[in-house]
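A short write-up of the structure that comes next.
Laid out in structure tokens, this is it:
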């Protein structure tokens, strides 16, 4: 069974940075597109970004373009989301996903002063 | 961007009821459509992909249909474990987009 474990969430001030990580196991990570999805408090699911298996193609939702960077390290079966210039509206549970087939349990990011 | 409008936004139903949730897309697509179930505090779970293909291990009371701009999730006989929020997703184009969700509550 696919396993995805996110980490790196926490409390950060507006304008600050955080780096989320996701360690994947029990599937062929090297051949999967990987995604980040988030859910703000009281809101629905929102797709954030994804990355091609070789890391050379990436897509983002407009609201995070220029602030967030998705990356991966296939040697470590790991996915990352570097989040800069954080805003209150980025407060959410962030889920790592394998090709939108399976999502992890999530890590919580809170942006507040 | 493709906008997805789910209806209804919430519904009350009883165990054994047939439940139908609709999702309308602002642009047409062939089959790049999925449905998810989300329970509070848990990871969202994909139920249906490619509009009508049942995910392995998902009970057969769940079914998906549609193409173009109209898609439907049906639960043929609602069970206690099915009370949750359901989301549609399109993966036809970027950005991927979700519907706003349908909360299924116990009557």
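Protein chains in written order, with this note's numbering: chain A, 603 to 715; chain B, 4 to 110. We put the beta carbon where it would ideally sit given N, CA and C, even for glycine.
CA-to-CA, the gap between residue 639 (chain A) and residue 605 (chain A) works out to about 16 angstroms. Along the segment 54-110 of chain B, the beta strand (DSSP E) occurs as fully enclosed runs of 3 or more residues at 65-78, 88-93, 105-109, listed in sequence order. For residue 678 (chain A), the three-state secondary structure derived from DSSP is helix. Under the DSSP assignment, residue 48 (chain B) falls in the beta strand (DSSP E) whose first and last residues are 48-52.
For residue 101 (chain B), the residues of chain A that pass the 9 angstroms Cβ criterion are 639, 646, 647, 648, 649, in the order they occur in the chain. If you look at residue 652 (chain A), you'll find it in the beta strand (DSSP E) that goes 647-653.
Pairing residue 54 (chain B) with residue 715 (chain A), the inter-Cα distance amounts to about 43 angstroms.
Around residue 46 (chain B), the beta-carbon contacts reaching into chain A at under 7 angstroms are 697, 705, 706, 707, 708. Rounded to whole angstroms, residue 99 (chain B) and residue 632 (chain A) show a C-alpha spacing of 22 angstroms.
Here the alpha carbon of residue 16 (chain B) sits roughly 41 angstroms from the alpha carbon of residue 614 (chain A). Of all alpha-carbon atoms in B:107, B:110, B:74, B:59, the one lying nearest the alpha-carbon of residue 101 (chain B) is that of B:74.
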